[in-house]
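Report on one structure; see the data block that follows.
Numbering (full-length UniProt numbering), first residue to last: 1 to 77.
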């Protein structure tokens, strides 16, 4: 199982901040595509990706037991 964490607007769009995937190994980009298709998260392309609390690139591999987080850009004032 791979645990997916969504933050800010992505969590709001998906209706949940946590999603569990029954994948054993896949690329971060494949997780991103799956989330776009399944949850309509079109803005996920702008999000930073972290695997096990380390920022990574789209082509990084996520494996069973990992946590992958999608962190959209935020602004405040």
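We treat Cβ as the ideally placed atom computed from N, Cα and C, and that holds for glycine.
Per the C-alpha coordinates, the member of 52, 30 and 65 positioned closest to residue 24 is 65. Exclusion of the five residues before and after residue 61 leaves 25, 26, 27 and 28 as the residues of its chain whose Cβ lies within less than 8 Å of its Cβ.
Our two residues, residue 58 and residue 49, have alpha carbons roughly 7 Å apart in a direct line. Taking the Cα positions, residue 51 is about 19 Å away from residue 9.
Residue range 28 to 39 is occupied by the alpha helix (DSSP H) that includes residue 34. Beta-bridge annotation (DSSP): residue 20 is paired with 3.
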